[in-house]
Ligand SMILES: Nc1ncnc2c1ncn2[C@@H]1O[C@H](COP(=O)(O)OP(=O)(O)OP(=O)(O)O)[C@@H](O)[C@H]1O
Ligand SMILES: [Mg+2]
């Protein structure tokens with residue numbers, strides 16, 4: 003039984019709860035709106051300013067007239083090589099590390115320390131990776147400013163992403179699959195190879211693709227390790243310097259005497275880079291969605 | 044009242060076994076023989092250590108960090124916990140069926156041939172013959188013979204469990220361990236699996252954990268009753284279910300247990 007007084011209190015507390023709920027909802031909605039608006043703002047700004055210069059020639063020609071005209075083809079190719087190199091280095095290393103951490107290592111202090119280390123690595127500013135790459139790969143190992151040095155640096159940069167995604171994907175494989183395989187007298191390694199990895203693969207791929215997007219977009223790590231201001235020739239080996247999209251934007255926008263004249267090219271390059279990164283992320287999202295729908299455990 | 048004396052043709056001898064999960068002692072001084080080509084049921088209240096003992100017999104407990112075994116488990120006279128024994132080899136000869144059906148998210152055919160393939164059988168016709176034989180043995184062949192390439196996840200729970208039995212049989216083990224294999228199934232699937240057990244014991248030694256007293260009475264030749272990590276009473280099933288020696292056993296099987 004609720005007394006009259008109680009009921010009054012009850013309804014006023016209900017009202018307050020209602021107001022709080024509305025308030026909270028409003029805050030959340032505006033936060034989301036803000037994010038979407040700024041994303042949309044950036045994208046459309048780059049699109050509007052950059053779309054004017056985009057045409058077939060822009061994508062397939064070398065720069066001309068001190069980079070004030072012509073295309074950005076060498077930078078596209080350079081970014082492609084650097085990213086491909088980075089993923090070729092980081093994927094095997096990252097996946098094997100993740101397998102060690104989640105399948106083999108005894109969970110304890112050591113593994114905790116390794117995990118903290120990996121997380122710290124993820125938080126290191128990318129310019130520090132650039133300096134590290136310069137010191138280790140370019141100078142000490144004498145790879146020079148090259149695709150190899152740049153790929154190695156970018157590879158280390160995206161390693162935490164790939165380890166994290168792979169570990170998560172491995173953990174998501176039900177323990178019952180492992181037990182089923184081991185109980186059949188299949189060795190642990192074969193179990194990982196035949197049952198665990200195939201089921202974790204989509205998750206690993208998603209993580210790697212996000213890593214690709216990250217590697218393609220970074221400027222600082224390649225600034226001292228791989229990227230050339232301008233090269234007339236395309237790379238012939240992994241020891242050659244390359245042009246790269248993010249660095250090309252940086253160079254056009256900050257160095258030289260034609261900064262204002264090359265604005266359209268800067269935006270055009272930015273648009274190509276954005277399209278590439280978003281395209282790659284989109285692939286990741288599609289894969290994830292496809293796998294989620296197919297999964298039945 | 045542990046009558047290991049009635050076991051003549053011993054395939055497994057558990058000797059003075061204590062088992063620990065970290066600091067927790069789950070089994071205390073278990074000594075128990077298992078008869079070849081018979082069905083032995085392990086019964087007892089929840090948490091008494093039935094699954095622990097079962098998983099001890101094919102070294103599945105090795106997979107859990109921080110576990111420790113004392114004592115010996117002899118399989119055909121050899122201690123499977125001897126340092127030079129490969130647990131993978133033990134599991135190849137002592138198969139296991141789990142409480143929840145756990146087929147791989149692969150085709151029915153791949154589920155059956157998974158084990159044999161990884162232990163070296165590669166010829167397609169051999170694998171095909173083995174798959175048919177195993178599926179027939181598990182009384183599943185007629186239901187799946189036309190859909191072998193479909194995902195095992197499409198099957199019903201009861202079919203999945205028989206598939207898991209077939210998958211274990213394809214390794215041609217000597218012993219089949221079953222941990223509450225019907226507890227997730229409907230009565231009809233349960234009946235099918237009980238029939239299957241009856242048939243399988245001609246060729247295999249079966250050790251089954253069950254919470255279903257009727258099931259233990261129906262399918263098993265010997266029954267061991269466990270209570271808080273100890274083997275309390277072990278005897279022929281008929282004896283256990285008609286004239287148990289220990290009061291605790293009687294209370295448990297008649298459902299008068301606290
Ligand atoms: N992985 C584990 N870590 C720690 N303790 C465990 C673990 N598995 C089981 N135990 C404990 O060991 C004891 C025996 O467990 P077990 O699973 O063997 O019981 P059970 O007789 O099979 O019970 P149920 O009938 O509920 O399946 C229980 O007290 C349980 O809490
Ligand atoms: Mg159990």
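Protein chains in written order, with the numbering used here: chain A, 3 to 299; chain B, 44 to 301. We treat Cβ as the ideally placed atom computed from N, Cα and C, and that holds for glycine.
Check the DSSP bridge columns for residue 264(A) and list the partner residues they point to. By one-based count along the first chain, residue 264(A) stands at place 262. Partner(s): none; residue 264(A) has no beta bridge.
In the DSSP assignment, find the unbroken alpha helix (DSSP H) run with residue 207(A) in it and report its ends. Locating residue 207(A) in the first chain gives position 205, where the first residue counts as 1. 199-219 is the span of the alpha helix (DSSP H), which, as asked, contains residue 207(A).
Lining residues of ligand 1 - beta-carbon closer than 5 Å to any non-hydrogen atom, in sequence order: Those residues whose C-beta sits under 5 Å from the nearest heavy atom of ligand 1 are, from N- to C-terminal order along the chain, 64(B), 69(B), 89(B), 90(B), 91(B), 92(B), 93(B), 94(B), 95(B), 107(B).
Check residue 250(A) in the structure and name its three-state DSSP category. Within the first chain, residue 250(A) is the residue found at index 248, counting from 1. Here residue 250(A) sits in helix by DSSP.
Proximity test, Cβ basis, 9 Å: residue 184(A) and chain B: Position 182 of the first chain holds residue 184(A). Yes - at least one Cβ of chain B is within 9 Å of the one on residue 184(A).
Thinking residue 201(B) and residue 229(B) are a contact (beta carbons under 8 Å), I'd like their distance in whole angstroms, please. Start at 1 with the first residue of the second chain, and residue 201(B) comes out as number 158. Start at 1 with the first residue of the second chain, and residue 229(B) comes out as number 186. With a Cβ gap of about 7 Å, residue 201(B) and residue 229(B) count as contacting.
Can you give me the Cβ contacts of residue 121(B) inside the same chain, cut-off strictly under 8 Å, excluding the 5 residues immediately before and after it? Your numbering for residue 121(B) matches position 78 in the second chain. Taking residue 121(B) as the centre and dropping the five residues before and after it, the same chain places the C-beta of 128 closer than 8 Å to its C-beta, in chain order.
Any contact of the region 53-70 of chain B with the region 138-154 of chain A, i.e. 3+ C-beta pairs under 8 Å? no
CA-CA distance, residue 285(B) and residue 252(B)? Within the second chain, residue 285(B) is the residue found at index 242, counting from 1. Within the second chain, residue 252(B) is the residue found at index 209, counting from 1. Rounded to whole angstroms, residue 285(B) to residue 252(B) spans 20 Å at the Cα level.
Which residues of the region 223-247 of chain B have a Cβ closer than 7 Å to any Cβ of chain A? Give them in chain order. none
Are there 16 or more other CB atoms within 10 angstroms of the CB of residue 3(A), so buried, or fewer, so exposed? The residue given as residue 3(A) occupies position 1 in the first chain. Annotation note: pLDDT 48 at residue 3(A) (below 50); position unreliable, coordinate value reported separately. Classification for residue 3(A): exposed.
Smallest Cα separation from residue 86(B): which of 172(B), 254(B), 108(B), 206(B)? Position 43 of the second chain, counted from the start, is the residue given in the question as residue 86(B). The option with the nearest alpha carbon to residue 86(B) is 254(B).
Please confirm if residue 111(B) has its CB atom under 9 Å from at least one CB of chain A. Indexing the second chain from 1 puts residue 111(B) at position 68. It does not; no Cβ of chain A falls within 9 Å.
Please report whether the beta-carbon of residue 141(B) lies at a distance below 9 Å from any beta-carbon of chain A. Counting from 1 along the second chain, the entry for residue 141(B) is found at position 98. Interface criterion met: the Cβ of residue 141(B) is under 9 Å from a Cβ in chain A.
Select from 27(A), 120(A), 181(A) the residue whose C-alpha is nearest the C-alpha of residue 158(A). Indexing the first chain from 1 puts residue 158(A) at position 156. For residue 158(A), the nearest C-alpha among the options comes from 120(A).
When burial is assigned at 16 or more other CB atoms within 10 Å of the CB, is residue 234(A) buried or exposed? Taking the first residue of the first chain as position 1, residue 234(A) is located at position 232. So residue 234(A) ends up on the exposed side.
Using a cut-off of 8 Å between C-beta atoms, extract the partners of residue 291(A) located in chain B. Here residue 291(A) refers to the residue found at position 289 when the first chain is read from its first residue. Within 8 Å Cβ-Cβ: nothing; residue 291(A) doesn't reach chain B, min ~18 Å.
Contact list for residue 135(B) against chain A, beta-carbon separation under 8 Å: Reading the second chain from its first residue, position 92 is the one you call residue 135(B). Here the neighbours are 186, 187.
Using CA atoms only, rank isn't needed, just tell me which of 206(B), 238(B), 219(B), 46(B) is closest to residue 41(B). Residue 41(B) cannot be examined here, being either before or after the span of chain B that is shown, 44 to 301.
Range covered by the beta strand (DSSP E) that runs through residue 267(B): The residue labelled residue 267(B) in the question sits at position 224 within the second chain. Note, residue 267(B): beta strand (DSSP E), 265-270.
At the level of alpha carbons, what is the spacing between residue 76(A) and residue 248(A)? By one-based count along the first chain, residue 76(A) stands at place 74. By one-based count along the first chain, residue 248(A) stands at place 246. Roughly 12 Å separates the two Cα atoms.
Alpha carbons only, please: which of 17(A), 227(A), 279(A) is nearest the one belonging to residue 137(A)? The residue you call residue 137(A) lines up with position 135 of the first chain. Nearest option by C-alpha distance: 227(A).
When every heavy atom of ligand 2 is checked, does at least one fall within less than 8 Å of the C-beta of residue 73(B)? Within the second chain, the letter at position 30 stands for residue 73(B). Outside the cutoff, so no.
With a threshold of 6 Å on Cβ separation, who are the neighbours of residue 290(A) within its own chain once the five nearest residues in sequence on each side are excluded? Counted from its first residue, the first chain places residue 290(A) at position 288. So the qualifying residues of the chain are 208.
Please tell me whether residue 94(B) has its Cβ less than 9 Å away from any Cβ of chain A. Locating residue 94(B) in the second chain gives position 51, where the first residue counts as 1. No - not a single Cβ of chain A is within 9 Å of the one on residue 94(B).
Which residue from 81(B), 90(B), 221(B) puts its Cα closest to that of residue 70(B)? Within the second chain, the letter at position 27 stands for residue 70(B). When each option's Cα is compared against that of residue 70(B), the closest is 90(B).
In whole angstroms, give me the CA-to-CA distance for residue 174(A) and residue 202(A). The residue labelled residue 174(A) in the question sits at position 172 within the first chain. The residue labelled residue 202(A) in the question sits at position 200 within the first chain. If I take the Cα positions, the gap works out to 7 Å.
Can you list, in chain order, the residues of its chain whose CB lies under 7 Å from that of residue 272(A), leaving out five sequence neighbours each side? On the first chain, position 270 is the one that residue 272(A) refers to. Closer than 7 Å at the Cβ level, and outside the excluded window around residue 272(A), lie 48, 52, 251.
Please report whether the beta-carbon of residue 3(A) lies at a distance below 9 Å from any beta-carbon of chain B. For this step, residue 3(A) is matched to residue 1 along the first chain. Unreliable positioning characterises residue 3(A) in this predicted model, as indicated by a pLDDT of 48, which lies under 50. The coordinate reading is nonetheless provided below. Chain B contact via Cβ: absent.
From residue 83(A) to residue 240(A), what does the alpha carbon distance come to, in whole angstroms? As a first step, residue 83(A) is located in the first chain; it is residue number 81 there, counting from the start. As a first step, residue 240(A) is located in the first chain; it is residue number 238 there, counting from the start. Taking the straight line joining both Cα atoms gives about 9 Å.
With a Cβ-Cβ cutoff of 9 Å, do residue 165(A) and residue 85(A) count as a contact? As a working mapping, residue 165(A) is identified with position 163 in the first chain. As a working mapping, residue 85(A) is identified with position 83 in the first chain. No; because the gap between Cβ atoms is not below 9 Å, this pair is not in contact.
Classify residue 105(B) as helix, strand or coil using the three-state DSSP reduction. Position 62 of the second chain holds residue 105(B). Of the three classes helix, strand and coil, the one that applies to residue 105(B) here is helix, per DSSP.
Grouping DSSP H, G and I as helix and E and B as strand, with all else coil, what is residue 158(B)? For the purposes of this step, residue 158(B) is identified with residue 115 of the second chain, where counting begins at 1. Note: residue 158(B) maps to helix in three-state DSSP.
Cβ-heavy atom distance between residue 181(A) and ligand 2 below 8 Å? Translated into positions along the first chain, residue 181(A) becomes position 179. False, no ligand heavy atom lies under 8 Å from that Cβ.
Bridge partners for residue 149(B) per DSSP, in chain order? Taking the first residue of the second chain as 1, we reach residue 149(B) at position 106. Looking at the DSSP assignment, residue 149(B) forms no beta bridge with any residue, so it has no partner.
Considering only their Cβ atoms, is the gap separating residue 187(B) from residue 178(B) smaller than 9 Å? Within the second chain, the letter at position 135 stands for residue 178(B). Within the second chain, the letter at position 144 stands for residue 187(B). Result yes, Cβ atoms of residue 178(B) and residue 187(B) sit closer than 9 Å.
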